[in-house]
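Chemist:
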């Protein structure tokens, strides 16, 4: 209770700081509610609000089902992997925030600039996501016992599998931004609703047989479904044949790298060699 009490106090401090900064740059800020303008704002905001609720629910549903079906120990292993994914996603979240104003200003006004920035954003997302995946597969597992204690050594294989989920989560973050830019937040909401249903079904099917691994596989398959549903609307809203070239440019080296790493691992050679 004492540690949780710091959260509202910190939020209050951040809000006061934000008001002070806003007043510094914009002058006096008064509160006035115009029903007509408020209604116009609330209509699109409702889609974002529902989306945020589904994001929070989706992130925890596998953990809740795992704890219910397999117990707290299994949920603890899964939670370790999820926290590492959250940590790795921080730069990608900020990247999305940084690129969003440029994407939004170009949409409908400068198609060439929109396509160029979107291409760079997707490629950079894949690059950073791949680095996070690499770190979770090769770097983090040996360090877990030293960072979190000997009890967390068992979480190593789960963290490695979560590396793939981290890469797909990075791509999903990019898909979210691109759908928002194209005013397709309602489409994004439908994709999330489908993803939530798919995730619950897969968890109920896989967890009884595979435990933690089943929950992670359910998350990976769900992300693949959601990405598959998002690709069509994104490409339709930003029509260009560059998407195929970008896809090939990213998929070919990724496939070659994965095959080389898997081959080295299967041969029983040193993990650092597989990482290289």
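In my numbering, the protein residues as written are 7 to 282.
Glycine included, C-beta positions come from ideal geometry on N, C-alpha and C.
1. Note the first and the last residue of the continuous alpha helix (DSSP H) segment covering residue 106.
2. On the criterion of 16 or more Cβ atoms from any shown chain inside 10 Å, does residue 278 qualify as buried, or is it exposed?
3. The alpha helix (DSSP H) with residue 232 in it runs from where to where?
4. Determine the burial state of residue 42: buried for a count of at least 16 other Cβ atoms within 10 Å of its Cβ, exposed for fewer.
5. With residue 164 and residue 151 assumed to form a contact (beta carbons below 8 angstroms), what rounded beta-carbon distance in angstroms separates them?
6. Considering only residues of the same chain and omitting the five flanking positions on each side of residue 197, which have a CB-CB separation below 7 angstroms?
7. Ignore the nearest five residues each way along the sequence and tell me which others in residue 127's own chain have a CB closer than 6 angstroms to its CB.
8. Taking just the CA atoms, how far does residue 121 sit from residue 249?
9. How do the region 128-140 and the region 175-183 stand: do at least 3 beta-carbon pairs fall below 8 angstroms, yes or no?
10. Counting beta carbon pairs with one atom in the region 61-77 and one in the region 107-114, are three or more of them shorter than 8 angstroms?
11. Residue 187: buried (16+ other C-beta within 10 angstroms of its C-beta) or exposed?
12. Among 267, 189, 262, 199, which has the Cα closest to the Cα of residue 56?
13. Does the region 208-221 come within contact of the region 259-273, defined as at least 3 CB pairs closer than 8 angstroms?
14. Work out the CA separation of residue 92 and residue 66 for me, nearest whole Å.
15. Once the 5 residues before and after residue 147 are set aside, which same chain residues still bring their CB inside 7 angstroms of it?
16. If I follow the unbroken alpha helix (DSSP H) through residue 31, where does it start and stop?
17. Between the alpha carbons of residue 226 and residue 68, how many angstroms are there, rounded?
18. Report yes if the C-beta distance between residue 72 and residue 221 is below 8 angstroms; otherwise report no.
19. Among 244, 258, 262, 276, whose alpha-carbon lies nearest the alpha-carbon of residue 115?
20. Could you check what DSSP says for residue 36 in three-state terms: helix, strand or coil?
21. Could you check if residue 36 is buried or exposed, using at least 16 other CB atoms within 10 Å of its CB as the buried criterion?
22. Using 8 angstroms for Cβ pairs, my map puts residue 131 next to residue 171. What's the rounded Cβ distance?
Modeler: According to the structure shown:
1. Taking the chain shown and counting its residues from 1, one reaches residue 106 at position 100. 78-112 is the extent of the alpha helix (DSSP H) around residue 106.
2. Indexing the chain shown from 1 puts residue 278 at position 272. When all chains shown are included, residue 278 counts as exposed.
3. Taking the first residue of the chain shown as position 1, residue 232 is located at position 226. Start and end: 218-243.
4. By one-based count along the chain shown, residue 42 stands at place 36. That one is exposed.
5. For this step, residue 164 is matched to residue 158 along the chain shown. For this step, residue 151 is matched to residue 145 along the chain shown. Residue 164 to residue 151, Cβ: 14 angstroms. No contact.
6. The residue you call residue 197 lines up with position 191 of the chain shown. Within the same chain, residue 197 has close Cβ partners 232, 235, 236.
7. Counting from one through the chain shown, the residue named residue 127 turns up at place 121. Correct list, in chain order: 105.
8. Working through the chain shown from its first residue, we reach residue 249 at position 243. Working through the chain shown from its first residue, we reach residue 121 at position 115. In a straight line, the C-alpha of residue 249 is about 9 angstroms away from that of residue 121.
9. Judged by pairs of C-beta atoms under 8 angstroms, the region 128-140 touches the region 175-183, as three or more such pairs exist.
10. Segments in contact, no.
11. Mapped onto the chain shown, residue 187 falls at position 181. So residue 187 counts as buried.
12. Here residue 56 corresponds to residue number 50 of the chain shown, with the count starting at 1. Nearest of 267, 189, 262, 199 to residue 56, Cα basis: 199.
13. No: fewer than three Cβ pairs fall under 8 angstroms.
14. On the chain shown, residue 66 is found 60 positions in, with the first residue counted as 1. On the chain shown, residue 92 is found 86 positions in, with the first residue counted as 1. Spanning the alpha carbons of residue 66 and residue 92 requires a straight line of approximately 12 angstroms.
15. The residue given as residue 147 occupies position 141 in the chain shown. Cβ-Cβ distances below 7 angstroms link residue 147 to 162, 165, 166 in the same chain, with the five nearest sequence neighbours on each side left out; the list follows chain order.
16. Stepping through the chain shown from its first residue, residue 31 is reached at position 25. 8-32 is the extent of the alpha helix (DSSP H) around residue 31.
17. Along the chain shown, read from residue 1 onward, the residue named residue 226 stands at position 220. Along the chain shown, read from residue 1 onward, the residue named residue 68 stands at position 62. The straight-line gap from Cα to Cα measures roughly 11 angstroms.
18. In the chain shown, counting from the first residue as 1, residue 72 sits at position 66. In the chain shown, counting from the first residue as 1, residue 221 sits at position 215. Going by C-beta atoms, residue 72 is nearer than 8 angstroms to residue 221.
19. Residue mapping note: residue 115 aligns to position 109 of the chain shown, counting from 1. Closest by alpha carbon: 244.
20. Your numbering for residue 36 matches position 30 in the chain shown. The answer is coil: DSSP assigns residue 36 none of H, G, I, E or B.
21. Along the chain shown, read from residue 1 onward, the residue named residue 36 stands at position 30. Exposed is the call here.
22. Here residue 131 is taken as the residue at index 125 of the chain shown, counted from 1. Here residue 171 is taken as the residue at index 165 of the chain shown, counted from 1. Rounded, the Cβ-Cβ distance is 15 angstroms, inconsistent with contact.
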